[in-house]
Every structure is written in C-alpha cells, then in structure tokens.
Amino acid sequence: MSGPAEISVLGICGSLRAASYNMAALRTAIELKPPGMTIAVADISAFPPYNEDVRVRGFPPVVETFRRQIKEADALLFATPEYNYSMPGVLKNAIDWASRPPDQPFAGKPVAIIGAGAGMAGTARAQYDLRRSCVFLDMHPLNKPEVLIGQAHTKFDAEGRLTDEAGRNFIRDLLLALADWTRLLGRKN
Ligand SMILES: Cc1cc2nc3c(=O)[nH]c(=O)nc-3n(C[C@H](O)[C@H](O)[C@H](O)COP(=O)(O)O)c2cc1C
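Mapping of the sequence shown onto the numbering used here: position 183 corresponds to residue 183, and the numbering continues sequentially without gaps.
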C-alpha cells in the first residue's frame, strides 16, 4: 500500500539580507520537516515596486515565476521579520504583485507563519498583519502553534543555526500541523 502523497511547501521570506534570521528559520524548517514534505524557497529579491501601469502591460518574469510557484505548491510557509510593528515592505510588495488578477494564486492555500526578530514580541504584530492579508486573499492560515522567535540574536549561532530547543520544537510541531492542515483541507490525501 502506498503512503500519503508528498506535500510540497513554498517558503517565502520577508527579509533579503544574507544573514537573515528569518531565512535561517526557513533553513531550520527545511532541516526539521517531517517525512513526505518538501520545502523550496521563493526568491523575491528582484521584485520591482508594485506599479499598476506595469501590471496591465504584463507581470514581470520574476512575478510570473513566483505566481507559478505559489500555484504549484500545496502549502505556503511565510517567515517574516517585524518592521515598525508590521510586515516588511518587500514581503507586502511580493504579496501585492502575486495577488493581482487573473487567477490570484493564493486562494485556498494552507499557510503557516513563522517569524524571528530582535524584539520581545517575536514578530507577533507583523504576523497578525500578514494574517489579515491571508484573510483577504482567501488563504487558510494555520492558527497554532505560533512560532514567535523573539530576541533572535540569542537564539541563533554565528552560522545561523537555530540553537534554541523550544524554537526548534515549535517549528517541528508547526510543520506537522501544516501537513495535517493541508490534508484536512483536501489539498493532499
Ligand atoms: C526597518 C526596520 C524596522 C524594524 N522594526 C522592528 C519592530 O517593529 N519590531 C522588532 O522586534 N524588530 C524590528 N526591527 C529589528 C528586526 O527585528 C531585526 O532587524 C531582524 O533581525 C530582522 O529580521 P532578519 O534577521 O530576518 O533580517 C526592525 C528592523 C528594521 C530594519
């Protein structure tokens, strides 16, 4: 008898810097993912600022690629920093580009969110703003566990490895919950 079908997850990081804690958290997710799950990471670094005049002439190739990756993924995993109590502009800009018609690719997607930041709140405010966009775009964000990695400089080592055991366990549990959530929503059997 064959096992359950593989779940493909697209990781989307809200930070572009090389030593990003959020990209490091996505790498941790790749390290800790359960059997039967794949995680690829999207590249949103070359997106132009959103411009409706450009959009009506056609999506830039980087946006087309991102839209296709979203469409093909069974689920999405956002990793976001908090910038001034909200999500970073680069992440919002990428979401805005991908969200435009026709066939906005976010609709119906199971979503999990993680975040790492300098402050005590561990990106909670950014994550809640991101959840509002998920609602408008008809995504299905997983409620729990929340993965809020506060004071990130104390939780990762110099190589960008998440050394905090509680954080690692939260990410492990989140991915298991995302796999269940994706199957429950009928995206995968
Ligand atoms: C423009 C900007 C705004 C920031 N605002 C916040 C904030 O509101 N709350 C917070 O905890 N950290 C804030 N920070 C600090 C970030 O949490 C920190 O730079 C974090 O490492 C960014 O994530 P990254 O390591 O993935 O790039 C801000 C950083 C920048 C550059």
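By construction, the Cβ of each residue, glycine as well, lies at the ideal position given by its N, Cα and C atoms.
Should the segment 171-186 be called in touch with the segment 142-158, which here means at least 3 C-beta pairs below 8 Å? yes
In angstroms, rounded to a whole number, what distance separates the CA positions of residue 114 and residue 124? Residue 114 and residue 124 have their C-alpha atoms roughly 9 Å apart.
Grab me the residues of residue 39's own chain with a C-beta within less than 7 Å of its C-beta, minus the 5 sequence neighbours each way, in chain order. 9, 11, 29, 30, 33 and 77
Distance between residue 163 and residue 139 (C-alpha atoms, nearest Å): 31 Å
Taking C-beta to C-beta, are residue 88 and residue 133 nearer than 8 Å? Cβ distance not < 8 Å, so residue 88 and residue 133 don't count as in contact.
Among 19, 24, 166 and 157, the one whose alpha carbon lies nearest that of residue 79: 24
In the DSSP output, what is residue 116 paired with across the bridge? 149
Determine the closest residue to residue 108 out of 73, 120 and 117, with distance taken between C-alpha atoms. 73
Give me the Cβ distance between residue 56 and residue 48, rounded to the nearest whole Å; I'm assuming they're in contact under 8 Å. That belief does not hold up - the Cβ atoms of residue 56 and residue 48 are roughly 14 Å apart, past 8 Å.
Helix, strand or coil for residue 14, going by three-state DSSP, please let me know. Coil, per DSSP.
With burial defined as no fewer than 16 other Cβ atoms inside 10 Å of the residue's Cβ, what is the status of residue 64: buried or exposed? Counting C-beta atoms within 10 angstroms of its own C-beta, residue 64 has fewer than 16 neighbours from the protein chains shown and is therefore classed as exposed.
Just to check, is the beta-carbon of residue 117 closer than 7 Å to a non-hydrogen atom of ligand 1? The answer is yes for residue 117.
Would the C-beta of residue 81 count as close to ligand 1, meaning under 7 Å from any of its heavy atoms? Yes; taking the cut-off as 7 Å, the Cβ of residue 81 has a heavy atom of ligand 1 nearer than that.
First through last residue of the beta strand (DSSP E) which encompasses residue 44: Residue 44 -> no beta strand (DSSP E), and no H or E assigned at all.
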